[in-house]
Amino acid sequence: MDLQSMFDHLVDITEPICQHIDSNLASMSIFDTSGIEAWVTENNPKYANRIIKQLKAFAKAHNFDKNFDP
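Residues in the sequence shown are numbered from 1 upward in steps of one, following the UniProt record's numbering.
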């Protein structure tokens with residue numbers, strides 16, 4: 001499936017949902033979604049490094065293969 005087909009398919013899936021929520025907004029060709037934000041735990045290197053360290057400790061405690069790379 002190419003990228004265009006994927007987005008076309010997503011429209012087929014999301015359009016009925018949007019119509020159900022608010023048919024007036026769904027009929028607009030442009031809708032401002034800038035107020036929608038995804039929830040993110042952390043987005044910094046310290047957090048990522050802490051998680052990697054925890055994964056390595058878990059792997060060591062459970063005798064994972066030495067090739068394990070979190």
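For every residue, glycine included, the Cβ atom is placed at its ideal position computed from N, Cα and C.
Cutoff 8 Å; reference residue i; Cβ partners in own chain excluding five residues on either side
{"i": "T41", "result": "Y47"}
Residue j beta carbon less than 9 Å from that of residue i
{"i": "L25", "j": "C18", "result": "yes"}
{"i": "P70", "j": "K60", "result": "no"}
Same chain only: Cβ atoms within 7 Å of residue i, ignoring 5 sequence neighbours per side
{"i": "S23", "result": "none"}
Residues near residue i by beta carbon distance below 6 Å, same chain, minus five either side
{"i": "I52", "result": "P70"}
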